[in-house]
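According to this note's numbering, the sequence shown holds residues 17 to 177 in order.
Beta carbons: idealized from backbone N, C-alpha and C, even for Gly.
Have a look at the structure below before the remarks.
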Amino acid sequence: GRGARDAGPWLDALIGGWRLSGITHFQDGTPFSVHQPGDCNNDGISDDRPDRVGPGTLNSSLRSPDKWFETSDFVDPEPYSFGNSGRNVLVGPSYAKWDISVIKQKRISDGSLIEFRVELFYAFNQVNFDQPYPVMGTSSFGKIFGASRAREIEVALRYSF
17 GRGARDAGPW LDALIGGWRL SGITHFQDGT PFSVHQPGDC NNDGISDDRP
67 DRVGPGTLNS SLRSPDKWFE TSDFVDPEPY SFGNSGRNVL VGPSYAKWDI
117 SVIKQKRISD GSLIEFRVEL FYAFNQVNFD QPYPVMGTSS FGKIFGASRA
167 REIEVALRYS F
């Protein structure tokens, strides 16, 4: 057959002519800001920024969904003053997605076509966490509560005439 010299026509029909394609998406984490739940500086706008007394980041080996960044590095500023924490000073989890498809087409003697297709979305079932909760003064502060979808598999058989 086409792929193996020793294969007969029936084996070539079974294992020959497969197509593999895929799409990958890799992304660094998205920057985000820590903020307070109210109008601490009394300017009429809520979600003020806190004071930052440390870098706020954790070593990657210490990060977990229960504590993505060092929450103790963010404190309340003095009343009626602006916090010194900048915008987007922390970075959320990175993202990786692999979509893969495997397709086999076979012409039939009357000119029609049979196509067998398997598509895998999030093929390697890698966990992609959502952003951590950035609001100080809550029990959720610094924690991650969501993740991307799990692996999905679609199998299709199509007959075209």
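- Counting only unbroken stretches of 4 or more residues, no alpha helix (DSSP H) element lies wholly within the region 60-88.
- Here the alpha carbons of Trp114 and Pro47 stand approximately 23 Å from one another.
- At a Cβ-Cβ threshold of 7 Å, Ile116 and Gly38 count as neighbours.
- With a cut-off of 8 Å on Cβ pairs, the region 141-155 is in contact with the region 163-170, counting three or more such pairs.
- Secondary structure of Asp115 (DSSP, three-state): strand.
- With contacts defined by Cβ atoms closer than 7 Å, Pro148 and Val50 do not form a contacting pair.
- Listed in chain order, the non-local C-beta contacts of Asn104 below 7 Å within the same chain comprise Pro47, Phe48 and Ser49, local neighbours out to five positions each way being set aside.
- Cβ contact annotation for Gly45 (same chain, cutoff 6 Å, sequence separation greater than five): Val107, Gly108, Pro109 and Ser110, in chain order.
- Just measuring C-alpha positions, the residue of Arg174, Asn75, Thr87 and Phe137 sitting nearest Leu129 is Arg174.
- In the DSSP assignment, the residues bridged to Thr40 are Trp114.
- Closest by C-alpha distance to Ser101, out of Asn57, Pro25, Val69 and Asp55, is Val69.
- Here the region 82-97 does not lie against the region 130-137, with fewer than 3 beta-carbon pairs under 8 Å apart.
- Per the DSSP secondary-structure output, Ile169 pairs in a beta bridge with Leu136.
- Pro66 sits buried, since 16 or more C-beta atoms from the chains shown fall within 10 Å of its C-beta.
- In its chain, beyond the 5 residues on either side, Phe157 and Gly158 have a beta carbon closer than 7 Å to the beta carbon of Thr87.
- Closest by C-alpha distance to Ile124, out of Ser62, Asp28, Ser176 and Ile61, is Ser176.
- Exclusion of the five residues before and after Asp82 leaves Lys159 as the residues of its chain whose Cβ lies within less than 7 Å of its Cβ.
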